[in-house]
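Here is the structure:
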């Protein structure tokens, strides 16, 4: 019996903020499986702000071409298999994009142990806190930031899936966690629910640099940046000597025709600062060790997470666009079935 797959492709390149007309929902009849291939039925897939840059230009990977599948992480079940490494019913994850089904030769497919996904762990965590967002937080903070007990760690987009996890890991390592977020509700969440020491609502302050100085009286040892732009500039002016800046994302700049350049570069000389970009796939071979440690923290209640799940593949573009308007609260996922 033929399988009809619905999938979102790039209809046109965005000019600034992405719009619904930049995406097109297509139907395709999938071919029969070839040798060593598997058919995966998606249960959930992710919409990620970092994908924005690839809709317009080359990033850490090549830009998407018009008509190509929008990429994202997927968790699903093997529906049928011609591959001896996978059986029907296997729970798997991989980067199979915004679609209901995927055919794969098995490369890049990770088989999940369903027995591990018991409350508070759910299958969605495989593409959430135990997937790319959580791993970004883990390796960014621990490998690049190298936190020491008593350090002050400043995190932008603190209520997002990367920032929220980074702040909690900072607390686990004995640091002071200071968040920056765009609403009082988000600030209350990271302080009252996640254990941050304080959170700055940047929309309610006239001078972010001064606000950071007030809440970081000993200055900032590590800045975990998910936003870029003016927020990065304000952080640079509050760094301690030999401070570390981890550049994980730049959501404020993705939609700009001319992204803001880094200012205040003299601080890198006078304060001997180090700034480093982060692409988490560089740590691929170490993913299992990070996932095991984070799963332990979650099971003991020391690491919490929130997921923002939308129902139905039809709503994927709107959910993606909402990321740039601050609508999401936690990891944004699409529930396919």
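Numbering (this note's numbering), first residue to last: 6 to 342. By construction, the Cβ of each residue, glycine as well, lies at the ideal position given by its N, Cα and C atoms.
- In terms of Cα proximity to residue 43, the closest of 131, 111, 282 is 111.
- Straight-line spacing of the CA atoms in residue 36 and residue 29 works out to 21 Å.
- Taking residue 122 as the centre and dropping the five residues before and after it, the same chain places the C-beta of 128 closer than 6 Å to its C-beta, in chain order.
- In terms of Cα proximity to residue 84, the closest of 107, 153, 243 is 107.
- When DSSP states are grouped into helix, strand and coil, residue 285 belongs to the helix group.
- DSSP places residue 298 within a helical segment (H, G or I) once states are collapsed to three.
- Residues of the same chain with a CB within less than 7 Å of the CB of residue 203, apart from the 5 flanking positions on each side, are 183, 196, 220 in chain order.
- Here residue 273 carries a helix assignment [DSSP, helix/strand/coil].
- With fewer than 16 other beta carbons inside 10 angstroms of its own, residue 7 counts as exposed.
- With three or more CB-CB distances shorter than 8 Å, the stretch 153-162 counts as touching the stretch 233-253.
- Ranking 88, 120, 130, 139 by CA distance to the CA of residue 114 puts 88 first.
- Annotated three-state conformation of residue 220 is helix, per DSSP.
- Per DSSP, the unbroken alpha helix (DSSP H) holding residue 170 starts and ends at 166-177.
- As the crow flies, the alpha-carbon of residue 270 is around 34 Å from that of residue 133.
- Each residue's CA atom was taken as its position, placing residue 135 and residue 21 some 31 Å apart.
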